[in-house]
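The sequence shown begins at 1 in my numbering and counts up one residue at a time.
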Amino acid sequence: MAASVVKAPKCPRRGSAKEQQQQQQPKASASKSNKESNNWHWWMLLASVFLVTFATRFYKVTEPDHICWDETHFGKMGSWYINRTFFFDVHPPLGKMLIGLSGYLTGYNGTFPFEKPGDKYNETAYQGMRYFCTTLGALIMPMGFDTVYDLTRSHEAALLSAAYLIFDVGLLTLNQYILLDPILLFFMMGSVWGMVKISKATASGGSYSIRWWFWLFLTGTMLSCTISVKFVGLFVVLLVGLHTATELWIILGDLGQPIVETLKQIACRAISLILWPILLYTLFFYIHLSVLNRSGNGDGFYSSAFQSRLIGNSLYNASMPRDVAYGSVVTIKNHKTGGGYLHSHFHLYPKGSGARQQQITTYTHKDDNNKWLIKPHNKQRLPKDKLQLLRHGDLVRLEHLVTKRNLHSHSEPAPMTKKHLQVTGYGEAGAGDANDVWRVLVVGGKVNETVHTVTSRLMLIHYLQNCALTSSGKQLPKWGFEQQEVSCNLNVRDKYAHWNIEDNEHKLLPSVSFSVYAPGFFARFLESHAVMLQGNAGLKPKDGEVTSRPWQWPINYRGQFFSGSSYRIYLLGNPVIWWSNLVFLGLFVAVFLANAILQQRRAGQLRSQLRSQVYSEDSEPSTTDLCSCCPEEQLEQQQQQLQHSDPLRAAAWLFVGWLLHYLPFWAMGRVLYFHHYFPALIFNSLLTGVMFNYIIQSLPRWIQHILLGVLLSLIVYSFALFSPLAYGMSGPLANEPNSTMHSLKWLSTWEF
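In structure tokens:
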């Protein structure tokens, strides 16, 4: 790969030109014949890979005809793109936009609700979206075949790697549904494919050719698309970045090239692999924010100013009072990224969670339970025709408009954050006690400064407890409807204790156009990322949800149900493929370390021989010694051959790809699922093909073919055994003796 751009020093030929020409002619003819034969074999194998891949992927692709697993999310999001309805998701937009586009182009009208797994599609034109995702998933295998062939120039290695991808029932399952995973894996594989093609073109002296530029920009496009589907696309960006840096370092060390060559290579790659992907990534978000221009259920995750750009939102082209006054009915939004609305409802805190008074939470969706009436601290109501503006430092009571209870705090600990005080709804018909009094402070405000809608950042300080109303960000259990905890922090410098007034209603206040608050594209672009990153970090498992840990993934410890009806689909890797992948992963580490030690010892031996060798200055070389080189050149050539063994270098980069796509999950605090391992699995499967071919290459050719045939037969047979997991099972579960899958329950943790 990267090191292949280093060219071995030319060996000075001895003998007459005629003798050299006579010897070179049959070699050239044989070389041409071998090249044509290799090309023919390559095309035949590639056609076979295409045929088998598409046959396995598109078989039963429209079955089952009901929602499976996360189709309920991504199918729904595709519908929202068709309807131009804004929503919130923790992933960047490209994958969902492509799903929506594929549905729109194949006749889906965006009206199916995608409510829950198991719901029948009936007459809905869902097939186009499945075909689209499956097609992208199927293209991974030919790209993997060509990538391994370019790395090793071995048909056997390329074929075995492709077979490991084709006959894995887990990858098959993940490819066949309306999900982001096949889209992500396609762009990831395309990035690696392009990376290898760039290296190949550079090594062959094709830099700056049209072909070279094509692969550079294709790789940049694939990188941008990968990270535009999911943020884990950053891992393949790191891989390509490391590989590119290594290649540039080797070019810098080639003394046969001027330093300007290195600078040109850096500039070209910076344009195509950095600037171009950034431009594309920004363009995808521009399209995303332009298409989703109508209010939806994700509005509340974003700031008030952001929402003012959404058609149908209460803030879009709204006219409302700029000032806030006593008697105003307001909604109060937490000012942190993704913050919700101050919210209450008739339900009480349960026993053991502080005082059994009315719950106060934050909630990201808009409803009437978010509305509060601002009252003076010492009066129940103001005269109807008297206007008094709310100012910095005022003492107020906040009455929940629906339940008529006041925002209240006391010395009881909060239900989740025990260092904070509990916040409740208290009183009857707006009458409460002294613990309902709060001081309104404008952050950075001055005495008598008035409070403004949206633009004023506020703190609410409890008058008696001297604590700040805050949103801890912790999710309440089911008794709190999984909304966010609201508490009162004795540390009044809490950065999450900032709020702003969003909706403001008052009959006596003049209204102004809300369009003055509307942000531009780049402000919304940055806020979208802040909300997505916070949403990712906050993903926690729900009660009863099946999750997994990274140590379980490579050993295929437990799968997950895609469909739980009588027609069952179960995501599980082909155990023969997954467990043999681990064997070859271990073999690579052992062989690579042994080879590194051997290289170091041989290099030392060559240097020792060179020092002890004595040459006669008067001796003449024989004219029959056509390929002899001076000792220094011979040493350099042998060292390069030792240090740059193509199969091991290829395997090393695939191993790095596996590490980058697996190890980071060990450090993640968010909820994790089994399907997160599949990007790493692809690198492991490609590595297996390379290592198998490397290990058997010293054997006679016929034995190599027998071993390859045995291994291919084994994985095809295992695929036939486990294919019902992907294509659908019915009848008793595998743990029952009369089940047709009973004999395949090799681990007790498998639940099919």
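Note that beta-carbon positions come from the ideal geometry of N, C-alpha and C, so glycine has one too.
In this text the structure is predicted, and so the values were computed from the model without any measurement.
Open item on the list: My output table needs one value for P413: the three-state DSSP class, helix, strand or coil.
Closed with: The count along the sequence shown starts at 1 and reaches residue 413 at position 413. Strand.
Open item on the list: Could you check whether M222 and S199 sit closer than 8 Å to each other, using their CB atoms as the reference points?
Closed with: To locate residue 199, count along the sequence shown from 1; it is residue 199. To locate residue 222, count along the sequence shown from 1; it is residue 222. No, these two residues do not count as a Cβ contact at 8 Å.
- [ ] Select from T453, D150, I227 the residue whose C-alpha is nearest the C-alpha of L279.
- [x] Position 279 of the sequence shown, counting from 1, holds the residue named residue 279. Just measuring C-alpha positions, the residue of T453, D150, I227 sitting nearest L279 is I227.
Open item on the list: So, with DSSP's three-state summary, where would you put P631?
Closed with: Against the sequence shown, residue 631 aligns to sequence position 631. Here P631 scores only 48 on pLDDT, less than 50, and its place in the model should not be relied on; the value that follows carries that caveat. In this structure, DSSP gives P631 a helical state, which the three-state scheme calls helix.
Task: Through-space distance from L654 to H243, alpha-carbon basis - done: Taking the first residue of the sequence shown as 1, we reach residue 243 at position 243. Taking the first residue of the sequence shown as 1, we reach residue 654 at position 654. Straight through space, the alpha carbons of L654 and H243 are spaced by roughly 11 Å.
Task: Endpoints, beta strand (DSSP E) assigned at K200 - done: Looking up residue 200 in the sequence shown gives position 200. Per DSSP, K200 lies in no beta strand (DSSP E); the unbroken alpha helix (DSSP H) holding it starts and ends at 181 to 203.
- [ ] Since I believe I178 is in contact with C133 (beta carbons under 8 Å), could you give me their beta-carbon distance rounded to a whole number of angstroms?
- [x] To locate residue 133, count along the sequence shown from 1; it is residue 133. To locate residue 178, count along the sequence shown from 1; it is residue 178. Contact between C133 and I178 holds, with the beta-carbon distance rounding to 6 Å and staying under 8 Å.
- [ ] Can you tell me which of the three DSSP states K333 falls into?
- [x] Here residue 333 refers to the residue found at position 333 of the sequence shown. In the displayed model, K333 falls within a strand according to three-state DSSP.
TODO: Pull up the CB-CB distance for P415 and S353, whole angstroms please, since I reckon it's below 8 Å.
DONE: By 1-based counting over the sequence shown, the position of residue 415 is 415. By 1-based counting over the sequence shown, the position of residue 353 is 353. Their Cβ separation, rounded to whole angstroms, is 4 Å, which keeps P415 and S353 in contact under 8 Å.
- [ ] Measure the Cβ-Cβ separation of H335 and N500 and say whether it is below 8 Å.
- [x] In the sequence shown, residue 335 corresponds to position 335, counting from 1. In the sequence shown, residue 500 corresponds to position 500, counting from 1. Result yes, Cβ atoms of H335 and N500 sit closer than 8 Å.
Open item on the list: To the nearest angstrom, how far is the alpha carbon of L46 from that of V589?
Closed with: Mapped onto the sequence shown, residue 46 falls at position 46. Mapped onto the sequence shown, residue 589 falls at position 589. So the two alpha carbons sit approximately 30 Å from each other.
Open item on the list: Counting beta carbon pairs with one atom in the region 475 to 487 and one in the region 406 to 425, are three or more of them shorter than 8 Å?
Closed with: Flag = yes, the region 406 to 425 and the region 475 to 487 touch.
Task: Continuous beta strand (DSSP E) stretch holding R439: start and end - done: Translated into positions along the sequence shown, residue 439 becomes position 439. Segment 438 to 442, the beta strand (DSSP E) holding R439.
- [ ] In the DSSP assignment, find the alpha helix (DSSP H) that holds V778 and state where it starts and stops.
- [x] Past the boundaries of the shown model lies residue 778; the chain is included only from 1 to 752, so the question cannot be answered.
Task: Environment of E482 [buried if 16+ CB atoms lie within 10 Å] - done: As a first step, residue 482 must be located in the sequence shown, where it is residue number 482. So E482 ends up on the exposed side.
Open item on the list: I'd like the list of long-range same chain contacts for L373, defined as Cβ closer than 6 Å, with 5 residues on each side in sequence excluded.
Closed with: Reading the sequence shown from its first residue, position 373 is the one you call residue 373. V329, E399, L401.
Open item on the list: With a threshold of 8 Å on Cβ separation, who are the neighbours of S319 within its own chain once the five nearest residues in sequence on each side are excluded?
Closed with: Counting from 1 along the sequence shown, the entry for residue 319 is found at position 319. Sequence-distant partners of S319 (beyond 5 residues in either direction) whose C-beta falls short of 8 Å from its own C-beta, in its chain, are S511, V512, S513, F514.
Task: Residue interval of the beta strand (DSSP E) (run including R397) - done: Here the question's residue 397 lines up with position 397 in the sequence shown. It spans 395 to 400 - the beta strand (DSSP E) in which R397 sits, taken as one unbroken run.
TODO: Determine the direct distance from the alpha carbon of G253 to that of H644, and round the result to whole angstroms.
DONE: As a working note, residue 644 is residue 644 in the sequence shown. As a working note, residue 253 is residue 253 in the sequence shown. For H644, the predicted structure reports a pLDDT of 41, less than 50, and the residue's modelled location is therefore unreliable. The matter cannot be settled from this model.
Open item on the list: Tell me which residues share the same chain as M532 and place their Cβ nearer than 6 Å to its Cβ, disregarding the 5 neighbours each side in the sequence.
Closed with: For the purposes of this step, residue 532 is taken as residue 532 along the sequence shown, with counting starting at 1. Around M532: V90.
TODO: Take T111 as the anchor and find which of W80, I140, G95 has the nearest alpha-carbon.
DONE: Sequence index remark: in the sequence shown, residue 111 carries index 111 (1-based). Of the listed residues, the one whose Cα sits closest to T111 is W80.
Task: P64 versus Y567: straight-line alpha-carbon distance, rounded - done: Here the question's residue 64 lines up with position 64 in the sequence shown. Here the question's residue 567 lines up with position 567 in the sequence shown. As the crow flies, the alpha-carbon of P64 is around 7 Å from that of Y567.
TODO: Compute the distance between the beta-carbons of V324 and P679, then report whether it is under 8 Å.
DONE: Counted from its first residue, the sequence shown places residue 324 at position 324. Counted from its first residue, the sequence shown places residue 679 at position 679. The answer is no: Cβ separation not under 8 Å.
Open item on the list: Considering just the uninterrupted stretch of the alpha helix (DSSP H) at A267, what are its terminal residues?
Closed with: Position 267 of the sequence shown, counting from 1, holds the residue named residue 267. Per DSSP, the continuous alpha helix (DSSP H) segment holding A267 begins and ends at 259 to 270.
TODO: Would you mind giving the Cβ-Cβ distance between V576 and L714, rounded to the nearest angstrom? I have them listed as a contact below 8 Å.
DONE: Position 576 of the sequence shown, counted from the first residue, corresponds to residue 576. Position 714 of the sequence shown, counted from the first residue, corresponds to residue 714. Sure, about 6 Å apart at Cβ, within 8 Å.
Open item on the list: Taking a contact to mean a Cβ-Cβ separation below 8 Å, would you say V447 touches L458 in this structure?
Closed with: Here residue 447 refers to the residue found at position 447 when the sequence shown is read from its first residue. Here residue 458 refers to the residue found at position 458 when the sequence shown is read from its first residue. No, Cβ-Cβ distance for V447 and L458 is not below 8 Å.
TODO: Identify whether G480 lies in helix, strand or coil by the three-state DSSP scheme.
DONE: Taking the first residue of the sequence shown as position 1, residue 480 is located at position 480. It is helical.
- [ ] Mark K371 as exposed unless 16 or more other C-beta atoms lie within 10 angstroms of its C-beta, in which case mark it buried.
- [x] The sequence position of residue 371 within the sequence shown is 371, counting from 1. K371 should be labelled buried.
TODO: Verify the contact flag: I332, CB atom, against every heavy atom of the ligand SAM, threshold strictly below 7 Å.
DONE: Summarising the ligand content, the structure contains no ligands, and the ligand SAM is consequently not present.
TODO: Could you please give the first and the last residue of the uninterrupted alpha helix (DSSP H) stretch that includes N581?
DONE: As a position in the sequence shown, residue 581 is number 581, starting the count at 1. It spans 575 to 612 - the alpha helix (DSSP H) in which N581 sits, taken as one unbroken run.
Open item on the list: Excluding the 5 residues flanking L647 on each side, which residues of the same chain have their C-beta closer than 6 Å to its C-beta?
Closed with: Here residue 647 corresponds to residue number 647 of the sequence shown, with the count starting at 1. The amino acid at residue 647 is misidentified as Leu; the sequence shows Pro. Answer for P647: T152, V690, Y694, listed in chain order.
Open item on the list: Can you tell me where the alpha helix (DSSP H) holding W249 begins and where it ends?
Closed with: To locate residue 249, count along the sequence shown from 1; it is residue 249. Residues 234 to 252.
Open item on the list: Along the chain, where does the beta strand (DSSP E) containing H343 start, and where does it finish?
Closed with: On the sequence shown, position 343 is the one that residue 343 refers to. Where H343 is concerned, the enclosing beta strand (DSSP E) starts and stops at 341 to 348.
Open item on the list: Does the region 467 to 481 come into contact with the region 299 to 316, if we say contact requires no fewer than three beta-carbon pairs (one atom in each stretch) closer than 8 Å?
Closed with: With the cut-off at 8 Å, the region 467 to 481 and the region 299 to 316 do not touch.
- [ ] Give me the Cα-Cα distance between F285 and A125, rounded to the nearest whole angstrom.
- [x] Taking the first residue of the sequence shown as position 1, residue 285 is located at position 285. Taking the first residue of the sequence shown as position 1, residue 125 is located at position 125. Rounded to whole angstroms, the separation of the alpha carbons of A125 and F285 is 27 Å.
TODO: Quick one: grab the DSSP three-state call for E71.
DONE: Here residue 71 corresponds to residue number 71 of the sequence shown, with the count starting at 1. Helix.
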